[in-house]
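S.K.: If you scroll down you'll find the structure; I have some questions about it.
Structure, rendered in structure tokens:
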């Protein structure tokens, strides 16, 4: 697929940051045996990756705003456009030397995500989409959601609160209702990739509470462009501001959403 100039900039930035993170990931694997642990090292790797992405994006589009996980938001001279960046989605996986993490870059225009890139360096999978142009994997593979129509044949993914907290009881209730109805559940630990895996037909649905804009902005567009429905869990809320997301294929979305939205 031939992308726009903005999309090409995003892909280039993701690949540049990936080279830095892959080097650091090899170091993390060695640090697993140390008594100190790799936490501080990974924090530095995260910040370094964001700086690489920021430098590349802001050089190409200096008037755009920038919202990243690792620093305060920058309001651009063009207030209608901003980059939304997670330089390392799946930090806990990275920290434990598990090769399932991603770089997520989205472009927002007038409050709407118009381009998104999610890159999984460990598998060399570049997911990307532009509004109205479909979703793609590695330039040549057009993404479409799974065609399965039965909940009993469907596999779902969820995110669990890392520290328990107020959302854990709700997630456990969701699981208790969903597990008897489906073929399986996974918890992979990277929201951006969960959304992309729905787009790629690997999951039929995904949900998670209390996410940040950089966790989901790019993945939302990629999933939608592949034919998925993506909505707030609570229908009166907004995705990026409230961060409660449910995503599923057209065939099972209503059944799936009913299970997750039911409150005892």
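In this note's numbering, the protein residues as written are 4 to 267. Glycine residues also receive a C-beta, built at the ideal position from the N, C-alpha and C atoms. Nothing here was measured: the structure is a model prediction, and the numbers come from that model.
1) Checking 8 angstroms against the spacing of the C-beta atoms, do residue 242 and residue 219 come in under that value?
2) For the ligand ZN, I want to know if residue 7 counts as a neighbour, meaning its beta carbon is within less than 7 angstroms of at least one of the ligand's heavy atoms.
3) Residues in its own chain within less than 6 angstroms of residue 274 by CB, not counting five upstream and five downstream?
4) Based on the DSSP output, what are the partners of residue 112 in its beta bridges?
5) Kindly indicate which three-state DSSP category residue 36 falls into: helix, strand or coil?
6) Do three or more CB pairs link the segment 125-141 to the segment 182-192 at distances below 8 angstroms?
7) Below 6 angstroms CB to CB, which residues in the same chain sit around residue 16 once its five sequence neighbours on both sides are set aside?
8) Please specify which runs of the beta strand (DSSP E), each continuous and at least 3 residues long, are wholly inside the segment 140-179, giving them in chain order.
9) Count the other CB atoms within 10 Å of the CB of residue 161; is the residue buried (16 or more) or exposed (fewer)?
10) Using alpha carbons as the reference points, say which of 84, 21, 211, 123 lies closest to residue 173.
11) Looking at the structure shown, is residue 195 part of a helix, part of a strand, or coil, going by DSSP?
12) Hey, could you find the ends of the alpha helix (DSSP H) residue 124 is sitting in?
13) DSSP state of residue 210, grouped into three classes?
14) Can you tell me whether residue 208 is buried or exposed, with buried defined as 16 or more other CB within 10 angstroms of its CB?
15) Which word fits residue 70, buried or exposed, when buried means at least 16 other C-beta atoms lie within 10 angstroms of its C-beta?
16) Report the partner residues of residue 189 according to the DSSP bridge assignment.
17) In its own chain, which residues sit with a C-beta less than 6 angstroms from the C-beta of residue 229, not counting the 5 before and 5 after it?
18) Using CA atoms only, rank isn't needed, just tell me which of 124, 108, 126, 127 is closest to residue 118.
19) Taking residue 88 as the reference, give the member of 200, 188, 75 with the closest Cα.
20) Under a Cβ-count criterion, where at least 16 other Cβ atoms within 10 Å of its own Cβ denotes burial, should residue 127 be classed as buried or exposed?
21) Leaving aside the five residues before and after residue 129 along the sequence, list all residues of the same chain whose C-beta is less than 6 angstroms from its C-beta, in chain order.
22) Which residues mark the beginning and the end of the alpha helix (DSSP H) in which residue 222 is found?
23) By how many angstroms is the C-alpha of residue 54 removed from the C-alpha of residue 47?
24) Identify the continuous beta strand (DSSP E) that holds residue 70 and give its terminal residues.
25) Give me the residue from 221, 217, 256 with the minimum Cα distance to residue 236.
26) Suppose the cutoff is 7 angstroms on Cβ atoms and the five residues either side in sequence are ignored; what does the same chain contact list for residue 194 look like?
27) Using the DSSP secondary-structure output, state which residues sit across from residue 106 in a beta bridge.
M.R.: A quick look at the data gives this:
1) Here residue 242 refers to the residue found at position 239 of the chain shown. Here residue 219 refers to the residue found at position 216 of the chain shown. The answer is yes: Cβ separation under 8 angstroms.
2) The model on display carries no ligand, and the ligand ZN is accordingly not part of it.
3) The shown model of the chain, from 4 to 267, leaves out residue 274, and the question about it has no answer.
4) In the chain shown, counting from the first residue as 1, residue 112 sits at position 109. Beta bridge pairing from DSSP links residue 112 with 84, 115.
5) Here residue 36 refers to the residue found at position 33 when the chain shown is read from its first residue. The pLDDT assigned to residue 36 is 47, lower than 50, so where the model puts this residue is not dependable; a value taken from the coordinates is nonetheless given after this. Coil, per DSSP.
6) Flag = no, the segment 125-141 and the segment 182-192 do not touch.
7) One-based indexing of the chain shown puts residue 16 at position 13. Only 56, 59, 60 meet the Cβ criterion.
8) Segments of the beta strand (DSSP E) lying fully in the segment 140-179: 158-161.
9) Taking the first residue of the chain shown as position 1, residue 161 is located at position 158. It counts as buried.
10) Taking the first residue of the chain shown as 1, we reach residue 173 at position 170. For residue 173, the nearest C-alpha among the options comes from 211.
11) In the chain shown, residue 195 corresponds to position 192, counting from 1. Under the three-state reduction of DSSP output, residue 195 falls in the helix class.
12) Numbered from its first residue, the chain shown carries residue 124 at position 121. Annotation: residue 124 is outside any alpha helix (DSSP H) and is labelled neither H nor E by DSSP.
13) To locate residue 210, count along the chain shown from 1; it is residue 207. DSSP, reduced to helix, strand and coil, places residue 210 within a strand of the structure shown.
14) Here residue 208 refers to the residue found at position 205 when the chain shown is read from its first residue. Counting Cβ neighbours within 10 Å, residue 208 comes out buried, since at least 16 surround it.
15) Here residue 70 refers to the residue found at position 67 of the chain shown. Residue environment analysis places residue 70 among the buried positions, since at least 16 neighbouring C-beta atoms fall within 10 angstroms of its C-beta.
16) Position 186 of the chain shown, counted from the first residue, corresponds to residue 189. The secondary-structure analysis by DSSP pairs residue 189 across a beta bridge with 160.
17) The residue labelled residue 229 in the question sits at position 226 within the chain shown. Correct list, in chain order: 138, 146, 147, 148, 202.
18) For this step, residue 118 is matched to residue 115 along the chain shown. Here the closest residue by C-alpha is 108.
19) Taking the chain shown and counting its residues from 1, one reaches residue 88 at position 85. Just measuring C-alpha positions, the residue of 200, 188, 75 sitting nearest residue 88 is 75.
20) Counted from its first residue, the chain shown places residue 127 at position 124. Burial is judged here by how many other beta carbons sit within 10 angstroms of a residue's own beta carbon; residue 127 has fewer than 16 and is exposed.
21) The residue given as residue 129 occupies position 126 in the chain shown. So the qualifying residues of the chain are 122, 141.
22) Position 219 of the chain shown, counted from the first residue, corresponds to residue 222. The continuous alpha helix (DSSP H) containing residue 222 extends over residues 216-228.
23) Working through the chain shown from its first residue, we reach residue 47 at position 44. Working through the chain shown from its first residue, we reach residue 54 at position 51. Taking the straight line from one Cα to the other gives about 11 angstroms.
24) Counting from one through the chain shown, the residue named residue 70 turns up at place 67. Annotation: the continuous beta strand (DSSP E) that includes residue 70 extends over 68-71.
25) Position 233 of the chain shown, counted from the start, is the residue given in the question as residue 236. Relative to residue 236, the option among 221, 217, 256 whose CA is nearest is 256.
26) Here residue 194 corresponds to residue number 191 of the chain shown, with the count starting at 1. When the five nearest sequence neighbours on each side are left out, the beta carbons in the same chain lying within less than 7 angstroms of the beta carbon of residue 194 are those of 92, 162, 211, 214, 218, 219, 222, in order along the chain.
27) Along the chain shown, read from residue 1 onward, the residue named residue 106 stands at position 103. Residue 106 pairs with 122.
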